[in-house]
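Single-structure report; data block below.
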């Protein structure tokens with residue numbers, strides 16, 4: 044006579060794709076007790092028939108039946124729910140689906156509202172007062188080269204000339220080329236100073252006029268985002284019925300000098316404007 048197959052709890056766990064902890068819980072609530080518990084060792088053994096029951100429990104759980112519902116099924120000598128129970132579960136699924144659809148719609152509306160709020164905060168009006176600036180004109184292969192140019196060329200020269208920069212600091216760049224260039228940008232770097240010093244070959248001085256109205260945009264991220272941000276802002280300016288009155292400025296608030304992560308860099312594009320109908 045062949046010995047009856049029996050599985051230790053670890054093997055049974057592996058075959059049924061459930062944890063030993065889960066099996067112990069099923070035993071505790073009376074849903075699936077081991078076929079044999081060795082009174083001397085405490086080892087638990089399960090039969091092949093119990094493996095079929097375990098697989099049925101797993102399937103019922105996947106269909107949305109609670110352990111209490113599954114336990115009741117087996118207490119009633121039923122190994123599978125009847126049509127009425129299945130139809131009831133279908134109705135519950137439909138109700139949950141409607142709830143999820145409603146939640147999905149509400150979440151999308153909330154995201155849209157948040158994006159609208161962020162967009163409103165991103166673009167704002169400001170005024171640009173008349174200021175004295177030290178400026179340097181140069182050609183850079185990309186905006187990424189700006190930081191190194193300022194540190195190694197402009198800053199030492201401004202220090203040599205005795206420039207004093209009031210707090211809070213204010214610096215920006217203006218593109219000076221008469222046409223768009225994808226590389227080798229012609230830029231003018233400007234930084235607000237308390238007073239003009241004697242011009243040098245590297246740094247010169249001038250007074251900028253006041254602009255009562257400027258439309259500005261906050262741009263978070265590396266300087267490669269500036270090009271598309273300019274396009275977006277220019278479109279908004281036209282929509283609002285304004286026209287550009289002077290060269291747009293890229294004002295650097297946070298950059299590599301105080302933020303290692305480029306995603307946290309903050310540049311504010313400032314565009315002096317006037318009403319297009321005037």
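In the working numbering, the protein residues as written are 44 to 321.
Backbone N, C-alpha and C define an ideal beta-carbon position, used for all residues, glycine too.
Computed from a prediction, not measured in an experiment: that's the story for all the values here.
For the 8 Å Cβ check, are there 3 or more pairs between the segment 203 to 211 and the segment 137 to 157?
no
Are residue 77 and residue 69 closer than 7 Å when you measure CB to CB?
To locate residue 77, count along the chain shown from 1; it is residue 34. To locate residue 69, count along the chain shown from 1; it is residue 26. In this structure, residue 69 does not lie closer than 7 Å to residue 77 by Cβ.
If you draw a straight line from the C-alpha of residue 282 to the C-alpha of residue 272, how long is it?
For this step, residue 282 is matched to residue 239 along the chain shown. For this step, residue 272 is matched to residue 229 along the chain shown. Approximately 15 Å, taken between the alpha carbons.
Leaving out the 5 sequence neighbours to the left and right, which residues in its chain are closer than 8 Å to residue 113 when beta-carbon positions are compared?
Residue mapping note: residue 113 aligns to position 70 of the chain shown, counting from 1. Cβ neighbours of residue 113 within its own chain (closer than 8 Å, five residues either side excluded): 74, 100, 103, 104.
Rank 186, 260, 258, 242 by C-alpha distance to the C-alpha of residue 227 and give the top, closest one.
Within the chain shown, the letter at position 184 stands for residue 227. Answer by Cα proximity: 186.
Considering only their Cβ atoms, is the gap separating residue 53 from residue 97 smaller than 7 Å?
Counting from 1 along the chain shown, the entry for residue 97 is found at position 54. Counting from 1 along the chain shown, the entry for residue 53 is found at position 10. No. Outside cutoff.
Which complete beta strand (DSSP E) runs does the segment 210 to 284 hold, if anything under 3 residues is left out?
Segments of the beta strand (DSSP E) lying fully in the segment 210 to 284: 214 to 218, 228 to 235, 247 to 251, 254 to 263.
With distances taken from CA atoms, which of 269, 302, 256 is nearest residue 285?
Here the question's residue 285 lines up with position 242 in the chain shown. Answer by Cα proximity: 256.
Looking only at its chain, what residues have a beta carbon closer than 7 Å to the beta carbon of residue 219, apart from the 5 residues adjacent to it on each side?
Taking the chain shown and counting its residues from 1, the one referred to as residue 219 is at position 176. Counting only Cβ-Cβ distances below 7 Å, and skipping sequence neighbours, we find 180, 229, 230, 231.
Please classify residue 234: is it buried, with 16 or more other beta-carbons within 10 angstroms of its beta-carbon, or exposed?
As a working mapping, residue 234 is identified with position 191 in the chain shown. With 16 or more other Cβ atoms within 10 Å, it is buried.
Could you check what DSSP says for residue 123 in three-state terms: helix, strand or coil?
Translated into the one-based positions of the chain shown, residue 123 becomes position 80. Here residue 123 sits in coil by DSSP.
Taking residue 165 as the reference, which of 312, 317, 136, 67 has the closest Cα?
Position 122 of the chain shown, counting from 1, holds the residue named residue 165. Among 312, 317, 136, 67, the Cα nearest to that of residue 165 is on 312.
Kindly indicate which three-state DSSP category residue 108 falls into: helix, strand or coil?
In the chain shown, residue 108 corresponds to position 65, counting from 1. In this structure, residue 108 counts as coil in the three-state DSSP scheme.
Could you tell me how far apart the beta carbons of residue 167 and residue 292 are, in whole angstroms, since I believe they sit closer than 8 Å?
Here the question's residue 167 lines up with position 124 in the chain shown. Here the question's residue 292 lines up with position 249 in the chain shown. Not a contact, Cβ separation roughly 15 Å.
With 16 as the cutoff for other CB atoms within 10 Å, does residue 259 come out buried or exposed?
Against the chain shown, residue 259 aligns to sequence position 216. With 16 or more other Cβ atoms within 10 Å, it is buried.
Between the Cα of residue 85 and the Cα atoms of 72, 91, 94, 67, which residue gives the shortest distance?
For the purposes of this step, residue 85 is taken as the residue at position 42 of the chain shown. For the residues 72, 91, 94, 67, the minimum Cα distance to residue 85 belongs to 67.
Where DSSP assigns a beta bridge to residue 86, which residues make up the other side?
The residue you call residue 86 lines up with position 43 of the chain shown. In DSSP, residue 86 forms no bridge with anything.
Buried or exposed for residue 83, going by 16 or more other Cβ atoms inside 10 Å?
Taking the first residue of the chain shown as position 1, residue 83 is located at position 40. Sixteen is the threshold: since fewer than 16 other Cβ atoms of the shown chains lie within 10 Å of the Cβ of residue 83, the residue is exposed.
Pop quiz: residue 238 and residue 175 are said to be a contact at Cβ under 8 Å. What is the actual Cβ separation, rounded to whole angstroms?
As a working note, residue 238 is residue 195 in the chain shown. As a working note, residue 175 is residue 132 in the chain shown. So it is a contact: roughly 6 Å between Cβ atoms.
Identify whether residue 292 lies in helix, strand or coil by the three-state DSSP scheme.
Here residue 292 is taken as the residue at index 249 of the chain shown, counted from 1. In the structure shown, residue 292 sits in a strand (DSSP, three-state: E or B).
DSSP has residue 315 in a bridge; who is on the other side?
By 1-based counting over the chain shown, the position of residue 315 is 272. According to DSSP, residue 315 bridges with 257.
Return the bridge partner residues of residue 167 from the DSSP annotation.
The residue you call residue 167 lines up with position 124 of the chain shown. Looking at the DSSP assignment, residue 167 forms a beta bridge with 259.
Please report the distance separating the alpha-carbon of residue 221 from that of residue 302.
Taking the first residue of the chain shown as position 1, residue 221 is located at position 178. Taking the first residue of the chain shown as position 1, residue 302 is located at position 259. If I take the Cα positions, the gap works out to 32 Å.
Given a threshold of 16 other Cβ atoms within 10 Å of its Cβ, counted over all protein chains shown, does residue 194 qualify as buried or as exposed?
Walking along the chain shown from the start, residue 194 turns up at place 151. Its Cβ having fewer than 16 others within 10 Å, residue 194 is exposed.
Assign residue 114 to one of three DSSP states: helix, strand, or coil.
As a first step, residue 114 is located in the chain shown; it is residue number 71 there, counting from the start. Note: residue 114 maps to helix in three-state DSSP.
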